[in-house]
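This note's numbering numbers the first residue of the sequence shown as 5 and each following residue consecutively. Where is the CB? At the ideal position from N, CA and C, for every residue including glycine.
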Amino acid sequence: MPKRILTTVAIIIAIFFISYGLNNYVIGQALPFSLLSVYLFHAIATIIIYLIVETLNEKLPNQVGYAYLMLICFKIGAFVLIFQKSIFSLETLEMTSRISLVIPLFVFLITEGVIIGKLLSRK
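Written out as structure tokens, the structure reads:
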């Protein structure tokens with residue numbers, strides 16, 4: 005189990021660096037919010053969600069799916085609360101800003117889904 009956790013965390017960190025670097029390179033302009041903060045939030049939240057699901061899978065394997073759905077809702081709620089003033093206070097966002105805000109969400113949501121799916125299908 006520790007090897008699997010370390011491997012998964014390393015994969016999440018690698019995805020963070022690659023996707024942030026690509027997004028920052030492609031945009032090439034200043035955004036009204038910190039792109040690094042958005043990526044850090046999603047990467048840290050993904051690691052926390054994975055660790056909680058991994059722990060629950062050992063103790064309550066039948067409840068892992070419900071816990072994952074609840075954690076995703078908490079993640080979205082925390083994102084709205086943390087970035088409320090820097091993102092949601094702006095009246096209009098340019099299309100590049102909107103895309104840069106949604107890309108990390110989908111990248112890490114897909115990453116979570118694949119990792120959790122592999123974890124659940126193994127048993």
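| query | result |
| --- | --- |
| contact_flag[the stretch 74 to 93, the stretch 5 to 24] where n(CB pairs < 8 Å) is 3 or more | no |
| Nearest-angstrom Cα separation, counted from I19 out to I51 | 12 Å |
| The stretch 58 to 69 contacting the stretch 26 to 34, beta-carbon criterion three pairs below 8 Å | no |
| Straight-line Cα distance separating P36 from L97 | 8 Å |
| Cutoff 8 Å; reference S101; Cβ partners in own chain excluding five residues on either side | L35, P36, F37 |
| Rounded separation between K122 and Y54 - CA only | 12 Å |
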